[in-house]
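Colleague:
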Amino acid sequence: MTTRVLSPPLSVIPLRNLGPAHDNEDRRRSGDHPVLAFFDDYKSLDAAQLRQIHARMLRLGLFSHPYSASRLLTACSLSSSPDLHYALRVFDQIPHPNLYTWNTLIRAHASSHNPDSGLRLFSRMLRDSPHLPDKFTYPFAIKAAAELSALGEGAALHGMVVKSPFRSDIFILNSLIHFYAACGHLDLSYQVFRKIPGRDVVSWNSMISAFAQAGKCGEAVQLFQEMVGENVSPNDVTVVSVLSACGKKGDLESGKWIHSCIKRYAIEETVILSNAMLDMYVKCGSLEDAKLLFDHMSARDSISWTTMLVGCARSGEFDAARHIFDVMPSHDIASWNALISGYEQSCQPKKALALFHELLKAGGKPDQVTLVAALSACSQLGALELGCWIHAHIKKNNFNLNSHLTTSLIDMYSKCGDLDKALELFRSMEQRDVFVWSAMIAGLAMHGNGKASLDLFMQMQEAKVKPNKVTFTNILCACSHAGLVDEGRSYFSQMLLVYGIAQNVEHYGCMIDILGRAGLLQEAKELIEDMPMPPCASVWGALLGACAIHKNIELGEYAFRHLIKLEPRNHGAYILLSNLYAKSRKWDGVARLRKLMKDTGLKKEPGYSSIEVHGVVHDFLVGDISHPLRGRIYFQLDEITSRLKEVGYVPNVTQLLQDIEEEDVKEKALNLHSEKLAIAFGLISTGSPAPIRITKNLRICDDCHSFAKLISRVYTREIILRDRYRFHHFKEGYCSCMDYW
1 MTTRVLSPPL SVIPLRNLGP AHDNEDRRRS GDHPVLAFFD DYKSLDAAQL
51 RQIHARMLRL GLFSHPYSAS RLLTACSLSS SPDLHYALRV FDQIPHPNLY
101 TWNTLIRAHA SSHNPDSGLR LFSRMLRDSP HLPDKFTYPF AIKAAAELSA
151 LGEGAALHGM VVKSPFRSDI FILNSLIHFY AACGHLDLSY QVFRKIPGRD
201 VVSWNSMISA FAQAGKCGEA VQLFQEMVGE NVSPNDVTVV SVLSACGKKG
251 DLESGKWIHS CIKRYAIEET VILSNAMLDM YVKCGSLEDA KLLFDHMSAR
301 DSISWTTMLV GCARSGEFDA ARHIFDVMPS HDIASWNALI SGYEQSCQPK
351 KALALFHELL KAGGKPDQVT LVAALSACSQ LGALELGCWI HAHIKKNNFN
401 LNSHLTTSLI DMYSKCGDLD KALELFRSME QRDVFVWSAM IAGLAMHGNG
451 KASLDLFMQM QEAKVKPNKV TFTNILCACS HAGLVDEGRS YFSQMLLVYG
501 IAQNVEHYGC MIDILGRAGL LQEAKELIED MPMPPCASVW GALLGACAIH
551 KNIELGEYAF RHLIKLEPRN HGAYILLSNL YAKSRKWDGV ARLRKLMKDT
601 GLKKEPGYSS IEVHGVVHDF LVGDISHPLR GRIYFQLDEI TSRLKEVGYV
651 PNVTQLLQDI EEEDVKEKAL NLHSEKLAIA FGLISTGSPA PIRITKNLRI
701 CDDCHSFAKL ISRVYTREII LRDRYRFHHF KEGYCSCMDY W
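The letter at position 128 of the sequence shown is residue 128 when you use full-length UniProt numbering, and the numbering goes up by one with no holes.
Shown next, in the form of structure tokens:
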């Protein structure tokens with residue numbers, strides 16, 4: 001894979017000269033003319049002014065002198081708003097351009113949006129002029145090759161350097177370090193670095209920066225240690241690069257040592273340097289050090305505030321993050337994104353979307369990062385209407401529908417229950433990369449369309465798109481949800497044999513789920529025992545869940561013991577085993593687990609269900625009485641229960657987690673489940689034929705599953721319910737999961 005390295009600082013390239021001194025006689029004849037005085041501040045000149053000066057020079061005959069012509073060319077090429085097309089026209093009017101003039105033009109084009117023209121000019125100089133490249137020409141041409149990641153052209157330049165008198169010139173060699181790193185060849189970059197006889201600070205900086213930007217963080221830190229060991233004093237550029245490496249690596253110890261080097265080497269603490277230290281502490285998870293540094297910073301910019309905000313959000317200190325957001329002098333889109341993404345990533349989607357609305361109300365313009373975070377928040381909530389509005393906003397404002405945004409939209413539509421919209425968007429895309437294909441395969445899988453997922457995977461292969469590990473996770477999930485055991489086994493074995501992708505613990509977890517749901521519990525246990533890596537909690541959880549479905553108490557207890565060794569406070573493990581005991585009417589086991597949970601301070605995760613109506617998401621807890629329409633909701637629920645009993649509904653009380661003797665109390669306990677309240681509210685608030693879309697944070701219980709199937713038949717309403725594991729499409733008395741979840 002090619003690693004892209006940013007352009008080197010200007011200090012890598014010598015700016016004090018561009019070539020040999022000008023002819024003194026020429027300079028004497030033209031250099032003192034008042035017109036040329038305008039070039040003393042050439043960076044402030046605009047295109048119109050340069051054209052006026054050019055015309056005046058032609059009238060006065062000054063343009064025929066190489067020195068004065070070079071002054072004009074420098075102004076055209078290197079002003080704050082260079083016009084390189086005009087500069088090239090000026091250059092072509094110079095009868096015999098000297099080497100300084102060639103260097104000026106090559107330098108300008110190498111730094112432009114079209115560095116390829118810099119290489120063409122270099123070739124033209126070799127072909128059409130009597131001049132040979134000097135120690136100033138080569139760095140500019142090498143910079144152009146680096147910008148293009150043009151390995152062949154840059155290597156040819158390197159070959160020319162080796163044969164020239166400048167083979168040991170440190171400026172040229174520093175440029176080559178950067179060039180090879182830009183082309184993703186750190187080994188060649190390092191070879192050049194090691195061969196420099198008298199490495200200066202720029203040499204060290206170039207190599208350390210190359211390692212850091214390529215993700216070779218350990219090497220960057222090690223090279224910094226070697227640098228100070230050789231008594232080369234680092235500067236602010238060195239420290240910024242190596243701090244970035246420490247942050248990426250999470251190496252707090254080295255980061256603190258480098259922080260101490262700033263005072264030791266009397267390096268000025270600029271805002272840029274302070275921000276680099278702040279970023280390192282945040283990425284290393286040392287919020288206290290970050291706060292201490294932030295409080296003592298003599299000057300802060302928007303990056304300082306945003307970095308501190310991100311640190312608080314990542315540490316879960318959202319009150320502090322919001323306080324920083326409120327008191328910071330100004331808000332750019334990066335600060336909005338930091339807090340919106342922080343809320344979304346910490347499973348606080350309502351706060352994320354509230355802040356998104358706040359951004360829009362303040363007249364802010366969301367960017368792609370904002371939209372991806374907002375779409376993810378919609379996915380968590382099942383907020384389809386808001387997700388559709390965001391999609392419309394993307395279209396209205398002509399956002400580039402790239403892979404990241406497309407994947408987020410497909411994921412949102414899939415998780416909000418509108419699979420048709422997800423497929424429509426997928427089919428409309430002309431260019432689909434592995435992430436887009438994988439997202440659509442995942443969408444089909446979570447809705448139980450296993451065969452369609454596998455068909456799409458075949459189309460992906462026909463399109464010559466190579467699958468990755470995520471693709472296979474989604475394929476195996478599709479096999480699990482659809483009960484496709486043989487297909488699951490086949491794809492699992494093909495991963496390494498056919499595609500060269502080693503199975504990770506997540507793939508093993510999917511395979512355990514496939515076998516377990518099919519009742520092949522012993523085979524699942526044997527697969528766990530044969531895993532090449534230690535099983536994680538999710539693997540044991542998959543086996544325990546399968547044991548709960550198939551009522552295998554002995555193996556369930558075995559899986560439970562292994563699971564709580566890894567995660568002693570995993571309340572979900574206790575609930576799964578408790579459900580297994582309850583299904584088997586082993587109430588002593590239920591009581592024992594409840595006591596154990598109480599003694600260890602564990603509490604069952606509260607179940608809740610959400611439903612979006614007219615753009616507003618309504619949440620219901622078990623036995624919720626907080627909703628303004630609670631009277632109508634419970635009246636509707638009683639009426640539903642009565643009608644369902646007329647067609648044969650019998651409440652399934654076997655999974656109640658306590659041994660309740662009175663049947664009417666058991667029924668009332670079941671009627672308080674959050675998904676039933678959400679369905680009742682949906683019937684009140686929405687009209688046919690619109691489906692009722694519900695999102696539940698836990699697995700739907702057997703009774704609520706039967707309840708929803710009957711409602712879909714008796715009330716002729718489709719119910720689309722997403723629980724923790726999959727989607728359930730209830731229609732005409734049937735569920736898409738085929739009672740297999």
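Where is the CB? At the ideal position from N, CA and C, for every residue including glycine.
1. Assuming V434 and H404 form a contact by the criterion Cβ under 8 Å, report the distance between their Cβ atoms to the nearest whole angstrom.
2. So R726 and H550 are supposed to be a Cβ contact under 8 Å. How far apart are they, rounded?
3. Just tell me which of A313, N552, A537, A591 has its CA closest to the CA of N570.
4. Is any heavy atom in the ligand ATP found nearer than 6 Å to the beta carbon of K451?
5. For a test of the three-state rule: what should DSSP assign to I196, helix, strand or coil?
6. Applying the criterion that 16 or more other CB atoms from any shown protein chain within 10 Å of the CB defines a buried residue, is D289 buried or exposed?
7. Would you say R699 and R724 are within 7 Å of each other, going by their C-beta atoms?
8. What's the call for N552, buried or exposed, on a 16-neighbour Cβ count within 10 Å?
9. Quick one, are the C-beta atoms of L644 and L710 less than 7 Å apart?
10. Determine the contact status of L148 and P115, defining contact as a CB-CB distance below 7 Å.
11. Using the C-alpha atoms, what's the distance from H178 back to P8?
12. Can you check whether the CB of T307 is closer than 7 Å to the CB of D332?
13. So the candidates are R167, I514, C76; which of them puts its Cα closest to the Cα of F39?
14. Among the residues of its own chain, which have a CB less than 8 Å from the CB of V90, if the five just before and after it don't count?
15. Check whether the Cβ atoms of S286 and L252 lie closer than 7 Å to each other.
16. What first and last residue would you give for the alpha helix (DSSP H) that runs through T406?
17. Span of the alpha helix (DSSP H) holding K451?
18. Can you list, in chain order, the residues of its chain whose CB lies under 8 Å from that of R167, leaving out five sequence neighbours each side?
19. Taking only the alpha-carbon atoms, compute the straight-line gap between D319 and L353 and give it to the nearest angstrom.
20. Taking F136 as the reference, which of L292, H507, A155, N103 has the closest Cα?
21. So the alpha helix (DSSP H) H673 belongs to, where does it begin and stop?
22. Apply the 10 Å Cβ neighbour rule to V616 and answer buried if 16 or more other Cβ atoms are within range, or exposed otherwise.
23. For P82, which residues in the same chain have their Cβ closer than 8 Å to its Cβ, ignoring the five residues on either side in sequence?
24. I need the DSSP call for D619, collapsed to helix, strand or coil.
25. Which residues in the same chain have their Cβ closer than 7 Å to the Cβ of M511, if we skip the five residues on either side of it in sequence?
26. Taking G311 as the reference, give the member of S298, S330, S335, A299 with the closest Cα.
27. Whether or not the segment 582-595 and the segment 342-362 are in contact is what I'm after, with contact meaning three or more pairs of Cβ atoms, one per stretch, closer than 8 Å; do they touch?
28. Enumerate in chain order the residues of its own chain whose CB-to-CB distance from F391 is below 7 Å, with the five nearest sequence positions on each side excluded.
29. Quick check: F681 and I720, are their CB atoms within less than 7 Å of each other?
30. For R28 and L36, I'd like the C-alpha separation in whole angstroms.
Modeller: In short, the structure shows the following:
1. V434 to H404, Cβ: 13 Å. No contact.
2. Wrong, their Cβ atoms sit about 18 Å apart, outside the cutoff.
3. The residue with the shortest Cα to Cα distance from N570 is A537.
4. Ligands displayed in this structure: none; no statement on the ligand ATP is therefore possible.
5. I196 falls in the coil class under three-state DSSP.
6. With at least 16 other beta carbons inside 10 angstroms of its own, D289 counts as buried.
7. For R699 and R724, yes; Cβs fall inside 7 Å.
8. Buried: at least 16 other Cβ atoms inside 10 Å.
9. Yes, the pair counts as a contact, with Cβ atoms nearer than the cut-off.
10. Cβ distance < 7 Å, so L148 and P115 count as in contact.
11. Model confidence at P8 stands at a pLDDT of 34, short of 50, so the residue's coordinates are unreliable; what they give is reported in the following sentence. Approximately 7 Å between the Cα atoms of the pair.
12. The answer is no: Cβ separation not under 7 Å.
13. If you compare the alpha carbons of R167, I514, C76 with that of F39, the shortest gap goes to C76.
14. For V90, where only same-chain residues beyond five positions count, the Cβ hits under 8 Å are H54, A69, L72, L73, C76.
15. Yes; because the gap between Cβ atoms is below 7 Å, this pair is in contact.
16. Its alpha helix (DSSP H) spans residues 403-415.
17. That run of the alpha helix (DSSP H) goes 450-462.
18. Around R167, the same chain offers V161 as residues with beta carbons nearer than 8 Å, after the five sequence neighbours per side are excluded.
19. Spanning the two alpha carbons is a distance of roughly 17 Å.
20. Comparing Cα-Cα distances from F136 to each of L292, H507, A155, N103, the minimum goes to N103.
21. Premise fails: H673 is in no alpha helix (DSSP H) and is neither H nor E.
22. The residue in question, V616, is exposed, as its Cβ has fewer than 16 Cβ neighbours within 10 Å.
23. Around P82, the same chain offers C76, A108, S112 as residues with beta carbons nearer than 8 Å, after the five sequence neighbours per side are excluded.
24. DSSP places D619 in strand when its eight states are reduced to three.
25. Closer than 7 Å at Cβ, skipping near neighbours: L476, G488, F492, L527.
26. Checking every option, the nearest Cα to that of G311 belongs to S335.
27. Put simply, the segment 342-362 does not touch the segment 582-595. Fewer than three CB pairs are less than 8 Å apart.
28. One detail in the question is off: residue 391 reads as His in this sequence, not Phe. So the list reads L409, once near-sequence residues are dropped.
29. Taking 7 Å as the Cβ cut-off, F681 and I720 do not qualify as a contacting pair.
30. Because R28 sits at a pLDDT of 45, beneath the cut-off of 50, its placement in the model cannot be relied upon, and the point is left open.
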